[in-house]
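K.L.:
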Amino acid sequence: MNKNFLALTVAASALAFSASAAVSSNIVGYVKVPLKLGLNLVANPLNNTNPNGNKISSLFAGQTCSVLRWNGSGFGSTDLFEGVVVGGVDGDLAPGEGFFADMGGDVSLTWVGEALVGTQSVNVGANNSFVASKIPLAGTATELGLAPADSISALTWDNASSSFKSYDYFAGAGWIGSLGEPSFAVAQGFLVQSGAAFTWTKTFTPAN
Amino acid sequence: MNKFAIIAAIALSGVSSYAQGVINGFNAFKPTGSLVNAIVNDVVNDVGVTSALLAAVGRVEVLALDGTVLSSVKDGSGNALVAPGIFSLGTMTIPGSTVGQPASVLLRAWDSSTGSTYANALESASITVTFPTVGGATAPSNFVLASNFTGLTLQIIPEPSTMALAAIGVAGLFFVARRKN
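One line per chain: the protein sequences are W and U, in this order.
Sequential numbering from 1 applies to the first sequence in my numbering.
Sequential numbering from 1001 applies to the second sequence in my numbering.
1) Rounding to the nearest angstrom, what Cα-Cα distance links V1073/U and T142/W in this structure?
2) Could you list which residues in chain W have their beta carbon closer than 7 Å to that of V1082/U, in chain order?
3) Alpha carbon to alpha carbon, how far is G72/W from N1027/U?
4) So V219/W and P45/W are supposed to be a Cβ contact under 8 Å. How far apart are they, rounded?
5) Could you name the residues of the stretch 1078–1111 of chain U whose beta carbon sits closer than 7 Å to any beta carbon of chain W, in the order they occur along the chain?
6) Counting along the chain, where does the beta strand (DSSP E) carrying L1106/U start and finish?
7) Applying a beta-carbon distance threshold of less than 9 Å, which residues of chain U neighbour N127/W?
8) Which of helix, strand or coil does DSSP assign to V1144/U?
9) For T1133/U, is the beta carbon positioned less than 7 Å from some heavy atom of the ligand COA?
10) Measuring straight from C-alpha to C-alpha, what distance separates S77/W and M103/W?
11) Within 10 angstroms of its Cβ, does R1112/U collect 16 or more other Cβ (buried), or is it exposed?
12) Closest Cβ-Cβ distance between Q193/W and chain U: below 8 Å?
13) Please list, in chain order, the chain U residues whose beta carbon lies closer than 7 Å to that of A173/W.
14) Using a Cβ cut-off of 9 Å, pull out every chain W residue sitting near A1064/U, in sequence order please.
15) Where does T1050/U fall in DSSP's three states?
16) Tell me, to the nearest whole angstrom, how far the beta carbon of P1095/U is from that of F164/W; I am working on the premise that it is less than 8 Å.
17) Whose C-alpha, out of G88/W, G29/W, S66/W, I152/W, is nearest the C-alpha of V42/W?
18) Could you check whether the stretch 1071–1088 of chain U touches the stretch 1046–1060 of chain U, counting it as contact only if at least three pairs of C-beta atoms, one from each stretch, sit closer than 8 Å?
19) Does any residue of chain U bring its CB to less than 8 Å from the CB of D158/W?
20) Could you tell me whether the Cβ of K1074/U comes closer than 8 Å to any Cβ of chain W?
21) Can you name the residues of chain U whose CB is closer than 9 Å to the CB of W70/W?
22) Please name the residue in P148/W, G105/W, W157/W, G83/W whose C-alpha comes closest to that of F198/W.
23) What are the start and end residues of the alpha helix (DSSP H) that includes L59/W?
24) Where does G1076/U fall in DSSP's three states?
25) Whose C-beta lies closer than 6 Å to the C-beta of F81/W among residues of the same chain, with five residues either side of it excluded?
26) Using a C-beta cutoff of 8 Å, does D90/W count as contacting chain U?
27) Is there contact between the stretch 1150–1157 of chain U and the stretch 165–179 of chain W, where contact requires at least three CB pairs shorter than 8 Å?
28) Hey, how far is the Cα of A1119/U from the Cα of P1031/U?
29) Please report the distance separating the alpha-carbon of V187/W from that of V33/W.
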């Protein structure tokens, strides 16, 4: 294996690092993202530094779909027909942002880019914020460092029922309610409802 | 198929999924300008102090204004609190509401040690909670952050026998007053 290039494969919701390989400052890999007919709440977990690498048209190349991004008060829609943007803005989808992909059928996309490591921060606003882990790791909210000072709801989207499941965090008491603590997959976006803005920070250092 | 028809179909599928208003029934939040969470409080005690309704006895339910129970427990026994004064009811669709328009629900709370249902509890309260612009399935309105809900305090509901005695007393006073005249 090239010592300056560690390819990491993210399958399903797990991220596996090769313990024997040398690790360069840039960890490049790919993620397979299964999307189903209808609305999927997802995120781009890898930073593609190629020109236009994080553009909607790059991530959804060849697809006919709509990408819905939260603007603070509603959704802005970017429509693609066979990969060509025919409506809305072909914006950048950087790691940390959750967004809806409204698909015309089931498909599995492969997204390529650098895994962000070290200390990464996601700014979560007051009221509704659609977010995701910047680091391509799967795990519980606690494992991913989501433990704010104030109460929040973390809502995960269920494609089959077209509705959210609400996981409620009560400051001082932890994850309460019948659903307990949420777990997040790689490339999974979710909605956070918070009374105040806060910074979600996670530090991750891959083993050499 | 015409490409615009495909795009329109996709767009419509998204729109149809959030046509009705949806709310997220969790209240551990501070209303705008407040320093305390919008909790359910027990009755005010003899010295005027209130405290959060205990989770062991507190029950709540959310209803549409037509009386339809929206929260998960539908048999009238209510949903238990998950912490003192705090409920966690998940997302609920308000029937007949429209995304972006005002919508209201009825929140009922009671002390189940004084009665198993809202109707027969001796300590209870209800409030109409209004969402000025209710969110949809893809962006539910938070029960506190997106509404006028600032909390709820239980009241002591007089028992029927107590009310009957009071009525008799009032009638007696009226009768005495008439005889003096």
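Ideal Cβ placement from N, Cα and C applies to all residues, glycine included.
P.N.:
Quick answer:
1) One alpha carbon belongs to V1073/U, the other to T142/W, and they sit about 30 Å apart.
2) Close to V1082/U, with beta-carbon spacing below 7 Å, are these residues of chain W in chain order: I176, G177.
3) Rounded to whole angstroms, the gap between the alpha carbons of G72/W and N1027/U is 21 Å.
4) The displayed coordinates of chain W run from 1 to 208. Any statement about residue 219/W would go beyond what the structure contains.
5) Residues passing the 7 Å Cβ filter: V1082, A1083, I1086, S1088, G1090, T1091.
6) Residues 1103–1111.
7) Using a Cβ-Cβ cut-off of 9 Å, N127/W is close to N1142, L1145, A1146 of chain U, given in chain order.
8) Reduced to three states, the DSSP call for V1144/U is coil.
9) Only the bare structure without any ligand can be found here, which leaves the ligand COA out of the picture.
10) S77/W and M103/W: Cα-Cα distance of roughly 13 Å.
11) Sequence check: residue 1112/U is Ser here, not Arg. Its Cβ being crowded by 16 or more others within 10 Å, S1112/U is buried.
12) Cβ-Cβ to chain U under 8 Å: yes for Q193/W.
13) A1083, listed in chain order.
14) Correct list: empty, because the minimum Cβ distance to chain W is about 17 Å.
15) Residue state, collapsed to three classes: coil.
16) Not quite, the Cβ-Cβ distance comes to about 18 Å (not below 8 Å), so this is no contact.
17) Among G88/W, G29/W, S66/W, I152/W, the Cα nearest to that of V42/W is on S66/W.
18) Yes: the two stretches touch, three or more of their Cβ pairs being nearer than 8 Å.
19) Look at D158/W: its C-beta is not under 8 Å from any C-beta on chain U.
20) Among the residues facing chain W, K1074/U is not included, as its CB has no counterpart in that chain under 8 Å away.
21) Result: T1138, A1139.
22) The shortest C-alpha separation from F198/W is found at P148/W.
23) 56–59 is the span of the alpha helix (DSSP H), which, as asked, contains L59/W.
24) Judged by DSSP in its simplified three-state form, G1076/U adopts coil rather than helix or strand.
25) The beta carbon of F81/W is closer than 6 Å to those of T64 in its chain, skipping five residues each way along the sequence.
26) With its beta carbon at least 8 Å from every one in chain U, D90/W lies outside the interface.
27) At 8 Å Cβ cutoff, the stretches do not touch.
28) So the two alpha carbons sit approximately 29 Å from each other.
29) One point to set straight first is that residue 187/W is Ala, not Val, in the sequence displayed. Note on geometry: alpha-carbon atoms of A187/W and V33/W lie some 7 Å from one another.
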